[in-house]
Structures are given as C-alpha cells and as structure tokens.
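Q: For reference, the structure I am asking about is given below.
2 protein chains.
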Amino acid sequence: MAKRHKADERLTMAQIAQIAGVSVPTVSKVLNSHTDVAPPTRKRVEQVIVEYGFVRNRAGRALRKGKTGLVDCILPRLDDEYFLPILEGAAQVLHEAGVRLVLTSTHHQTEEEIRGVDTVTDHSTDGILVVLPAEETIEHLERSGLPFVLIHSQGGLLSTAPSVRIASWEGGFVATQYLIARGHQRIAYIGKATVAREAIERIAGYRAALDAADLPIDPQLQCKGDFTEEDGYKATKALLELSEPPTAIFAGNDRQAAGVYRALHELGTIVPDEMSVIGFDNLSFTEIMNPPLTTIHAPRLELGRTAATMLLRLINGKPLEMARVVLSTHLVERQSCRPLARLAKSQ
Amino acid sequence: MAKRHKADERLTMAQIAQIAGVSVPTVSKVLNSHTDVAPPTRKRVEQVIVEYGFVRNRAGRALRKGKTGLVDCILPRLDDEYFLPILEGAAQVLHEAGVRLVLTSTHHQTEEEIRGVDTVTDHSTDGILVVLPAEETIEHLERSGLPFVLIHSQGGLLSTAPSVRIASWEGGFVATQYLIARGHQRIAYIGKATVAREAIERIAGYRAALDAADLPIDPQLQCKGDFTEEDGYKATKALLELSEPPTAIFAGNDRQAAGVYRALHELGTIVPDEMSVIGFDNLSFTEIMNPPLTTIHAPRLELGRTAATMLLRLINGKPLEMARVVLSTHLVERQSCRPLARLAKSQ
DNA sequence: GTGAAAGCGCTAACAG
DNA sequence: CTGTTAGCGCTTTCAC
C-alpha cells in the first residue's frame, strides 16, 4: 500500500527514478508501457511507484505531448434535467477513451458562452462540445481552430460545422400522426414562436402531418409557448375556452405537457378520456405523471455519445463519416391518449 | 478581429513576442497584467495578441505554476436529477474563481470511484469534490495529499475530512413533526434498511419526533425502501393492507413519494383527503405532482456552493472555519397533507 | 536495455 | 521598464 505523505509533497518522476536507482526516461517508459525495459527493472520501478503512490503530473505530460486529455463541454445550464443524459452520454464515451470532461455552464448568456469558448481555446482542452450554441459562438469556434462538435445547433444552415441534432420534424410529424390515427381531427400544438431551430421543425412536422391527412390547419390551435410548464398551463386554459376546443393536445415538450395536465385537472377535464395529450422529450418525470404521458422520445443519451465519438475522431485527426448527424426519435406509448370514438365530450 | 489561421497552427508566446518585437517575458507580463510594462509596449503587444487571436497554452502555465486551474468533481451518476443542483452550485462558485470543473461519473461503482480518484490524483486538477464517496475512496483521497471536500459523505465518523452534508435528521424530524401537528398519529416511513448515513439519520429523526410526541413507534409502519419509485409503490401497497393502516406517509424521498402517489391512485385513495404524504429532497417534479407534494427541501445548490467554497480555500492554503459543515433543511408546504380531523376514513 | 540531452510553453528572479 | 537566464515535469530521440 502507498505510504502516507505530507499534503504538498508531490513526488516527481525524477525522485522515483532516484529511489529506484534508474533514470527518468526509464520511469517514463514503465509508466507508458514501453517494451524496451528489462523485466526486473520494470518490476523494481513499478514497485517504487506503488509504494510511494506516485502519480505523474499531467501538466508536464500535456505540455510535452501537446495534448491535454481533456475535452470541454459547454452547456446553457446545469439545472435542467434535459441536458443530463447528453452529458452522461458524452461522459461515457469520453471516459472509455480515457479523456476527461471539463464542464462549463453559460447560464443562457451568449456573452458567457463566448467567453467560455475563449477560455477553452487556451488549449486547456483538446476539443469542445457545445450544446445549443449561439450563432456567434459558432464563429468563434471556427476561428479557434480547435476541434468541436455542436449539439442541437441552432440555425447555422450554411455552416458545415460538425453537429448532432434530433429529428424534431419527424417527431412532430409522428406525434401528430399518432393522434390523427386515433381519430383526432382538432389537434392543438403548443410551442409556437420560438426561434430555436428544433422548435420550428417540430411545429412544421405537426403541420405536415395534418396536411398529409387533409386536415385543416387552424391557427387558433397553434399556441405560443416557450417550453415551460407555465406556458403549457396558459395555453391549455385558452384552448379550452375556444368555441370548438381541440380533442387532443400535442404539448411541444414534456414540461408544457405537465402544464397541460395541471390546467386540465383544474378544469376537471380527464386525461385521456376527455382529452388526449402527447409530449416530447421523454423526460424522466413523464413516467410518473398521472396518467403516464405518451411522448416522443428524444435520444439525448445518444446525442451525447454520438457527439463525443465524433469529437474524438476529430481530435485524433480522423475524418468524419458524416459531419451533420440527425438522430431519430420514437414514440413512447403510455396512457395519455385515447381514440376519439371513446371521447365523452366529442361529436 | 482575429485573423483566421489553419486548424493546427497554434501560436506560442515566442511567436507573438517576435512579431511584436519584444521578448517573451514581456508578452507574459502583458498577459498577466503586470504593471511593469510601458504603456506603448503593452499596447503593441496587446494589438498583436488580438490580431493573431493568440491564447496562451494552459499546460505550460500549469506546469510552471504548479496549479492547473481545474477542480475535479466525482459523482456516482449523472442521470439522476438529484445531483444536478449540487453540480450547478459547485460550478457557480468555481466559475467565479476562474477555476474550471472536471466531471467524473463513477456509475455507482466503488472501483470506478477509486480509479477516478487515482486518475484525478495525477495533478491534472488542483482539488477534488466527491459526492457520496465510499469509505475506501476517502482513504485514497487522504493518502493522495490533494485538497478535497466530501459531499454527503457516508460513514466516516472518525474521519476529520472536510465535508458538507444535509441535516437529514432534522429533516426527518421536522417532516414527522409537521404531520403530528396535524393530528396524525399513525405515520408510516418508507426507506429503512439502507446503509447510507443520510437515510439512517432520516429515519432516526422520524422516530425521535414520534417519541417526542409520546406516540408509539410501530415497526409495521417502517417500510424498507431503497429510495426508488418502485419501493414507494410497493411499500404503500403493503401499508394499505395493514389492519390499521397509517393516515400519513413520510415517503423518505420524493421518488418514493411518486411511487406512493401511484399506489394510492390505483387503490383509489385520495391525496390529501384520505392520506397525507410528505416527501424529501424537493426535486423539481414535486411541484407538478398532483396534488403538489409537500416535502423537505434539501439545499442541494448550497451543498455544491459550500463544498466548492471550502475546496477553494483549501487549494489556496487557507484554513477552514469548519471542517464538517451541515446544511439545514426546511419544509416546503404544498398540498399533499391535511389535518387528520378532515380525513374521511379515519376514526 | 538504458540514460544523457533537448525542449514542449510558460513565468519568476534578477540584472541591466 | 526590458530582456536574459533558468527551469517546472515530462517524453522523445539517440548514443552507448
């Protein structure tokens, strides 16, 4: 077992070498599993290393090798469950590759984000993962020359920067189609008026599904929403005051769906008997909602994994098979939707 | 604006110095805002730095200064909302101090955790934050000589290692007391049989409150539970089959409370009219539960902030005012509890 | 198989 | 005020 040492007494390779009676390069070779070390020598060195609990200074290594073994991940915020699996996925892949993850939270401020990018560009890391980057941030990144991968990149249609996104359009389409297949014709959507690319795609998918089914697209049924619980709540209240309210609500995301539930509960409208509700994202709490929410699963773990994998390739100078990856969503059927025929209020 | 450069062409201070027609130390001084640089010189250097978009290599600096400006945070897992605010709090404080946060997830494996600690001990970071460390991990940490702070340390009563915890006992006591004050006498607790220190304290607080009110402590009302939704569900089912079921359930944590709700809903027992329920942690979804859950708020953000603040002091060689900090909890009253008098089933 | 020498990019000490 | 000198801890030739 390693001996105990004083707090600030950190051994260097030179000291290990001296104790083991060898030279510094030999210790280095042992540490890096080079083959050109005689077994007895290796043994002796290893023993000293273990005995003294030596761990090599990463800074020296980084300086020498020009790589830090660190990757930066810039997130808009940490207190949102949404980002967790992305982080987890990235961490998994990076961990397997022996790369460590440096976390930067920008608290939704572009300025902070750019500062983050600049801080990162000091080569304290070998590459960068950015979730929901602003347009400006992307420019900074491209200028930096560091490898990077964008997650949920907003805009940047022109840019050829490597990115991973979710097929929001498809998700919106599938959710709506699912409702249509169950006989719903008046389907509301909450979450209009956001600039985020994902949101725009989502509502486009909704409209396309209606259109494909030859259903009218009623502007009254498209509610504003910034993807918060409150927005879902308000929109639902408004929706139910319509002369001809919807029979189903596509909530845009799960948080809004929670608001929809709350409004519906207050109004005494029963889900799914009197109103079908479908969410988007598949956040963890949707399972324990009452009734459990049918929703579109956004593969966030894979988002993180894929982005990290791409970044690793970039860092190692390998080419990317695809620069702009789009990950598919799928519907998770639970108990918040019901065929229209059975709806109490309808017809 | 910075000119564009080839991807792998990173300027060094030497190059900047040459371009600006000064020596390397001068550039260093400018970068570090030293006062002993003539204004014109400074101006010229700064201009070159901006023009070429130079950012200094952190590894060189780290090597020279013996500090990396990085702090490691080891978490049992990333896919649990519980840990988010802790991380966020730590990130906030660290960010303010210009220190960056390196994330390590151990996936609940002690082995991984120790490996994590060892990896970290390579001085790639200046200090370590460990959430829910195993006993063994603490030993490794103490041996490493690196500054560290424990968050939610399990066990380690003997250890004097710096740590931050939540007053679980107090929380358990307050929750139970709250129920007692509302006339409840048969109060169940879910979450027995865990080794985690926090859990042991929590149930002790529960028992103490009962005891203080001269209420009997019925073993039947103390259910096993590992703090998952499923455990809350099962325990509740069992509880309601008792000849004399409880009138209130202290769910141990919010996740179990969610299970309690589910079981109760299945059985047609209405919260809070027929059963009062109280949680612990104050996770974000408790607000949108139906009815919103009354729970004990565990100050997780402050947990992270406090731990990070302590670690920073340690890193800078300053003494800690307190080595073992305990953060207070408080009750968040919502709508899942009701005075016993009004209970339909009771008496 | 081993070690001496060189140098990664940076900052601190000091001489001028 | 400025530049010279030295060296952080490590890895990489390249002699021996």
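Sequence lines, in order, name chains V and A.
Letter by letter, the first sequence follows residues 1 to 347 in our numbering.
Letter by letter, the second sequence follows residues 1001 to 1347 in our numbering.
Just so it is clear, CB atoms sit at the ideal spot from N, CA and C, and this is done for glycine as well.
Treat the numbers as computed from the prediction; the structure is a model and nothing was measured.
Count the other CB atoms, across all protein chains shown, that sit within 10 Å of the CB of Thr1176 (chain A); report buried if there are 16 or more and exposed otherwise.
A: Against the second sequence, residue 1176 (chain A) aligns to sequence position 176. With 16 or more other Cβ atoms within 10 Å, it is buried.
Q: Gly1066 (chain A): which of A:Asn1316, A:Leu1031, A:Pro1291, A:Arg1207 sits nearest, CA to CA?
A: Here residue 1066 (chain A) corresponds to residue number 66 of the second sequence, with the count starting at 1. For the residues A:Asn1316, A:Leu1031, A:Pro1291, A:Arg1207, the minimum Cα distance to Gly1066 (chain A) belongs to A:Asn1316.
Q: Please confirm whether Val1326 (chain A) and Ala1167 (chain A) have their CB atoms less than 7 Å apart.
A: On the second sequence, position 326 is the one that residue 1326 (chain A) refers to. On the second sequence, position 167 is the one that residue 1167 (chain A) refers to. In contact: Val1326 (chain A) and Ala1167 (chain A) (Cβ atoms closer than 7 Å).
Q: Going along the chain, which residues of the stretch 1084-1100 of chain A sit with their C-beta nearer than 7 Å to a C-beta in chain V?
A: So the close ones are Leu1084, Pro1085, Leu1087, Glu1088, Ala1091, Arg1100.
Q: So Thr1026 (chain A) and Ala1017 (chain A) are supposed to be a Cβ contact under 8 Å. How far apart are they, rounded?
A: Here residue 1026 (chain A) is taken as the residue at index 26 of the second sequence, counted from 1. Here residue 1017 (chain A) is taken as the residue at index 17 of the second sequence, counted from 1. At roughly 7 Å, the Cβ-Cβ gap stays under 8 Å, so Thr1026 (chain A) and Ala1017 (chain A) are in contact.
Q: To the nearest angstrom, how far is it from the Cα of Thr329 (chain V) to the Cα of Val174 (chain V)?
A: By one-based count along the first sequence, residue 329 (chain V) stands at place 329. By one-based count along the first sequence, residue 174 (chain V) stands at place 174. C-alpha separation (whole angstroms): 9 Å.
Q: Along the stretch 68-80 of chain V, where does the CB come closer than 9 Å to a CB of chain A? Name the residues.
A: For the stretch 68-80 of chain V, which is checked against every Cβ of chain A, the residues closer than 9 Å are Thr68, Gly69, Leu70, Asp72, Cys73, Arg77, Leu78, Asp79, Asp80.
Q: Could you tell me which of V:Glu302, V:Cys223, V:Tyr189, V:Ile288 sits nearest to Phe250 (chain V), measuring between CA atoms?
A: Locating residue 250 (chain V) in the first sequence gives position 250, counting from the first residue. Looking at the Cα atoms, V:Tyr189 is the closest of the given residues.
Q: Show which residues of chain V have a CB atom less than 9 Å away from the CB atom of Ile1288 (chain A).
A: Your numbering for residue 1288 (chain A) matches position 288 in the second sequence. In chain order: Glu229, Arg255, Ala258, Gly259, Tyr261, Arg262, Phe285, Met289.
Q: Do Arg1334 (chain A) and Thr1269 (chain A) have their C-beta atoms closer together than 7 Å?
A: Taking the second sequence and counting its residues from 1, one reaches residue 1334 (chain A) at position 334. Taking the second sequence and counting its residues from 1, one reaches residue 1269 (chain A) at position 269. Contact flag unset, no.
Q: Which runs of the alpha helix (DSSP H) at least 4 residues long sit entirely within the stretch 1252-1300 of chain A? Give them in chain order.
A: Whole alpha helix (DSSP H) segments, 4+ residues: 1254-1267.
Q: Compute the Euclidean distance between the alpha carbons of Leu331 (chain V) and Phe1285 (chain A), then round it to the nearest angstrom.
A: In the first sequence, the residue the question calls residue 331 (chain V) occupies position 331. In the second sequence, the residue the question calls residue 1285 (chain A) occupies position 285. One C-alpha to the other measures close to 22 Å.
Q: Can you check DSSP and say which residues form a bridge with Ile187 (chain V)?
A: Within the first sequence, the letter at position 187 stands for residue 187 (chain V). BP columns for Ile187 (chain V) point to V:Ala248.
Q: Just to confirm, are Leu1101 (chain A) and Ala1091 (chain A) a CB contact at a threshold of 7 Å?
A: Walking along the second sequence from the start, residue 1101 (chain A) turns up at place 101. Walking along the second sequence from the start, residue 1091 (chain A) turns up at place 91. Against a cut-off of 7 Å, the Cβ pair of Ala1091 (chain A) and Leu1101 (chain A) comes out as a contact.
Q: Among the residues of its own chain, which have a CB less than 7 Å from the CB of Ser105 (chain V), if the five just before and after it don't count?
A: The residue labelled residue 105 (chain V) in the question sits at position 105 within the first sequence. Excluding sequence neighbours, Ser105 (chain V) sits near Leu75, Arg77, Leu78.
Q: For Ala341 (chain V) and Pro1299 (chain A), I'd like the C-alpha separation in whole angstroms.
A: Within the first sequence, the letter at position 341 stands for residue 341 (chain V). Within the second sequence, the letter at position 299 stands for residue 1299 (chain A). Spanning the two alpha carbons is a distance of roughly 48 Å.
Q: Give, in chain order, every residue of the stretch 23-54 of chain V whose Cβ lies closer than 8 Å to some Cβ of chain A.
A: Cβ contacts with chain A come from Gly53.
Q: Using the beta-carbon count (16 or more within 10 Å), is Arg1064 (chain A) buried or exposed?
A: What you label residue 1064 (chain A) is simply residue 64 of the second sequence in a count that begins at 1. With fewer than 16 other Cβ atoms within 10 Å, it is exposed.
Q: Between the beta-carbon of Val1277 (chain A) and the beta-carbon of Ala1257 (chain A), is there less than 7 Å?
A: On the second sequence, position 277 is the one that residue 1277 (chain A) refers to. On the second sequence, position 257 is the one that residue 1257 (chain A) refers to. Yes. Within cutoff.
Q: I'd like the list of long-range same chain contacts for Cys1337 (chain A), defined as Cβ closer than 8 Å, with 5 residues on each side in sequence excluded.
A: The count along the second sequence starts at 1 and reaches residue 1337 (chain A) at position 337. These residues qualify, in order along the chain: Tyr1178, Leu1179, Arg1182, Ala1248, Pro1272, Ser1276, Val1277, Ile1278, Thr1294.
Q: Taking buried to mean at least 16 other C-beta atoms within 10 Å of its own C-beta, is Ser23 (chain V) buried or exposed?
A: Position 23 of the first sequence, counting from 1, holds the residue named residue 23 (chain V). Ser23 (chain V) should be labelled exposed.
Q: Which runs of the beta strand (DSSP E) fall wholly inside the stretch 178-228 of chain V and span at least 3 residues, in chain order?
A: Within the stretch 178-228 of chain V, the complete beta strand (DSSP E) runs of at least 3 residues are 187-192, 222-224.
Q: Relative to the C-alpha of Gly191 (chain V), which candidate in V:Leu84, V:Gly232, V:Leu215 has its C-alpha closest?
A: By one-based count along the first sequence, residue 191 (chain V) stands at place 191. Gly191 (chain V) has its Cα closest to that of V:Gly232, out of V:Leu84, V:Gly232, V:Leu215.
Q: Buried or exposed: which applies to Pro246 (chain V), given that a residue is buried once 16 or more other Cβ atoms fall within 10 Å of its Cβ?
A: For the purposes of this step, residue 246 (chain V) is identified with residue 246 of the first sequence, where counting begins at 1. Pro246 (chain V) is buried by the Cβ-count criterion.
Q: Which one or two residues does DSSP pair with Asp352 (chain V) in a beta bridge?
A: Because residue 352 (chain V) is not part of the residues shown, which for chain V are 1 to 347, the question remains open.
Q: Mind checking if Val349 (chain V) is an interface residue toward chain A, Cβ cutoff 7 Å exclusive?
A: Shown here, chain V extends from 1 to 347; a query on residue 349 (chain V) therefore has no answer.
Q: If you check the beta carbons only, do Leu1240 (chain A) and Leu1221 (chain A) fall under 7 Å apart?
A: Reading the second sequence from its first residue, position 240 is the one you call residue 1240 (chain A). Reading the second sequence from its first residue, position 221 is the one you call residue 1221 (chain A). Their beta carbons are not under 7 Å apart, which means Leu1240 (chain A) does not touch Leu1221 (chain A) by this criterion.
Q: For Ala1344 (chain A), which residues of its own chain have a beta-carbon under 7 Å away from its beta-carbon, when the five flanking residues on both sides are left out?
A: Here residue 1344 (chain A) refers to the residue found at position 344 of the second sequence. Note that Ala1344 (chain A) scores a pLDDT of 47, beneath 50, so its modelled location is shaky; the value from the coordinates is reported in the next line. Hits under 7 Å: Asp1273, Glu1274.
Q: Run through chain A and tell me which residues come within less than 8 Å of Arg338 (chain V), C-beta to C-beta.
A: What you label residue 338 (chain V) is simply residue 338 of the first sequence in a count that begins at 1. The premise fails here: Arg338 (chain V) is roughly 18 Å from chain A at the closest Cβ pair, so nothing lies under 8 Å.
Q: Going by DSSP, what residue range makes up the beta strand (DSSP E) through Ser1163 (chain A)?
A: Here the question's residue 1163 (chain A) lines up with position 163 in the second sequence. Where Ser1163 (chain A) is concerned, the enclosing beta strand (DSSP E) stretches over 1163-1166.
Q: Where are the alpha helix (DSSP H) runs, 4 residues long or more, that stay fully inside the stretch 21-97 of chain V, in chain order?
A: Entirely contained in the stretch 21-97 of chain V, the alpha helix (DSSP H) runs reaching 4 residues are, in chain order, 24-31, 39-52, 58-65, 84-96.
Q: Could you check how far apart the C-beta atoms of Pro288 (chain V) and Glu1229 (chain A) are, in whole angstroms? I think they sit under 8 Å.
A: Position 288 of the first sequence holds residue 288 (chain V). Position 229 of the second sequence holds residue 1229 (chain A). Position check: residue 288 (chain V) holds Ile in this sequence, whereas Pro was assumed. The Cβ separation is near 6 Å, so the contact holds.
Q: Are the C-beta of Gly279 (chain V) and some C-beta of chain A separated by less than 7 Å?
A: Here residue 279 (chain V) corresponds to residue number 279 of the first sequence, with the count starting at 1. Taking Cβ atoms only, chain A never reaches closer than 7 Å to Gly279 (chain V), which makes this a no.
Q: If I measure Cβ to Cβ from Pro319 (chain V) and keep anything under 8 Å in the same chain, skipping five residues before and after, which residues do I get?
A: The residue you call residue 319 (chain V) lines up with position 319 of the first sequence. Once the five neighbours on either side are set aside, the close Cβ partners of Pro319 (chain V) are Arg313.
Q: Does Leu129 (chain V) get closer than 7 Å to chain A when you measure Cβ to Cβ?
A: Here residue 129 (chain V) refers to the residue found at position 129 of the first sequence. No, Leu129 (chain V) does not count as interfacial toward chain A.
Q: Less than 7 Å between CB atoms is the rule here; does Leu1267 (chain A) satisfy it with respect to chain V?
A: By one-based count along the second sequence, residue 1267 (chain A) stands at place 267. It does not; no Cβ of chain V falls within 7 Å.
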